[in-house]
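Participant:
Number of protein chains: 2
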Amino acid sequence: MSRPAKSAKPDRKLSNFLCFAIYSANLAFGRAYKPILDTVGLTYTQYIALVALAEEDGQTVSALGEKLFLESNTLTPILKKLEQTGYIRRERDPADERQVRVSLTPAGRKLLDKDLGESLIEATGLGEDFPVVQKSVSRLRDNLLRNTKPGEKKP
Amino acid sequence: MSRPAKSAKPDRKLSNFLCFAIYSANLAFGRAYKPILDTVGLTYTQYIALVALAEEDGQTVSALGEKLFLESNTLTPILKKLEQTGYIRRERDPADERQVRVSLTPAGRKLLDKDLGESLIEATGLGEDFPVVQKSVSRLRDNLLRNTKPGEKKP
DNA sequence: CACGATTAGATCGTATACGATATAACTCGA
DNA sequence: TCGAGTTATATCGTATACGATCTAATCGTG
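Note that the protein sequences, when read in sequence, are chains A and B.
So for the first sequence, the working numbering puts the first residue at 6; every next one is plus one.
So for the second sequence, the working numbering puts the first residue at 6; every next one is plus one.
Here's what the structure looks like:
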């Protein structure tokens, strides 16, 4: 989607598309994190999932999915991999066998103490705009999700 | 990566991670575009590739890849799909048979005239901040790519 | 001009995303 | 309480991303 324009014919250039800016910035983050995460045997998404898990231990797959905006079809394989790597545990909730509770292992907790992304803060070159951009993009995401919920129209 | 903090122990919450904001905003864009793009039989990435192609017809795969920050391993299958769907043509350059020139078909050009993302501008809820966010995120991307080039260090 | 080095695309294997569907566990009303 | 409906997770098929590698075409240098 390109930026708003008063004129009838907006500039249909890639560089004016906000969606492309986000898309390509996401690629860039993935690449920036790769060499760092390779040292601990994690992928970008796996790392993000660990951070979400750190906020609250013993979450169900759906709860984690709500934080991450992902569902079980995507999350299950990722969590299985993280379990296999030894950073998390997955166990059925005895009180409701449908649910799977996910928790950090000591290895997982130790990993998160390292603050692996610290070195990238400077690499963004945003300086004091950092929190502003972070908030704008989060707001953008929330608005998009709310305003385009499947089958819904805005009032 | 979380936002900068003066304190020794920054808030390691998901919501403070710029990379997560970008990651999830990208998911949100993909979902927002889906119902629109479904009507013309395109995926999100395929659509972005078409827009990049519209900037200049007859580009090589690498040239397109530079605009999109993608390489042939990702781009080739996408372009083959777009050819199959009838929106582009792919042909070896007679002057250098290694290169593949990609061009829009009339159907592809017609599609791009429709301005499919227009309706999402409002859904971002950014209002007049739209171009500001677009530029900040693009800058962020460029900085990340420049400052973390494989094996390189900043001076 | 021959031949090793380089270049452009393509292919393959792995890891996400995600719609559609499957499966097992729980809920709730007749 | 029993069976229909619901819920939580998992599975499957398709489409990206991307490192590693392959192949064919071109280039460069002796």
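Note that the Cβ used here is the ideal one computed from N, Cα and C, for glycine as well.
Only a predicted model underlies this, so the values are computations on that prediction, with no experimental measurement involved.
Under a three-way DSSP split, which group does A:Leu-109 fall into?
Facilitator: Looking at A:Leu-109 - three-state DSSP - the assignment turns out to be strand.
Participant: Output needed in chain order: residues of the region 28-39 of chain A with a Cβ under 8 Å from some Cβ in chain B.
Facilitator: So the list reads Tyr-28, Ser-29, Ala-30, Asn-31, Leu-32, Ala-33, Phe-34, Arg-36, Ala-37 and Tyr-38, given in the order they occur along the chain.
Participant: Would the region 22-37 of chain B and the region 61-80 of chain B be scored as touching if the rule is three or more Cβ pairs under 8 Å?
Facilitator: No, the region 22-37 of chain B is not in contact with the region 61-80 of chain B.
Participant: According to DSSP, B:Thr-225 sits in a beta bridge with which residue or residues?
Facilitator: Since the first residue of chain B shown is 6 and the last is 160, residue 225 of chain B is not available in this structure.
Participant: Could you pull out every residue in the same chain whose Cβ sits closer than 7 Å to the Cβ of B:Ile-93, ignoring the five residues on either side in sequence?
Facilitator: Closer than 7 Å at Cβ, skipping near neighbours: Leu-58, Leu-84, Leu-87, Val-107, Ser-108, Leu-109, Thr-110 and Gly-113.
Participant: Could you tell me whether the Cβ atoms of B:Asn-21 and A:Thr-129 are closer together than 9 Å?
Facilitator: No, they are not a contact pair.
Participant: Between B:Gly-156 and the rest of its own chain, which residues show a CB-CB distance below 6 Å, the 5 nearest in sequence each way excluded?
Facilitator: Its pLDDT being 46, under 50, B:Gly-156 is placed unreliably by the model, and nothing is read from it.
Participant: Measure the CB-CB distance between A:Val-105 and A:Thr-50 and report whether it falls below 9 Å.
Facilitator: In this structure, A:Thr-50 does not lie closer than 9 Å to A:Val-105 by Cβ.
Participant: When you compare only the Cα positions, how much space is there between A:Leu-150 and B:Tyr-38?
Facilitator: Going by the C-alpha atoms only, they are around 11 Å apart.
Participant: Can you check whether the CB of A:Ser-29 is closer than 9 Å to the CB of B:Arg-146?
Facilitator: Yes, they are a contact pair.
Participant: Please state the DSSP three-state secondary structure of B:Phe-22.
Facilitator: The answer is strand: DSSP assigns B:Phe-22 an E or B state.
Participant: Could you pull the DSSP bridge partners for B:Asp-120 from this structure?
Facilitator: None, per the DSSP bridge assignment.
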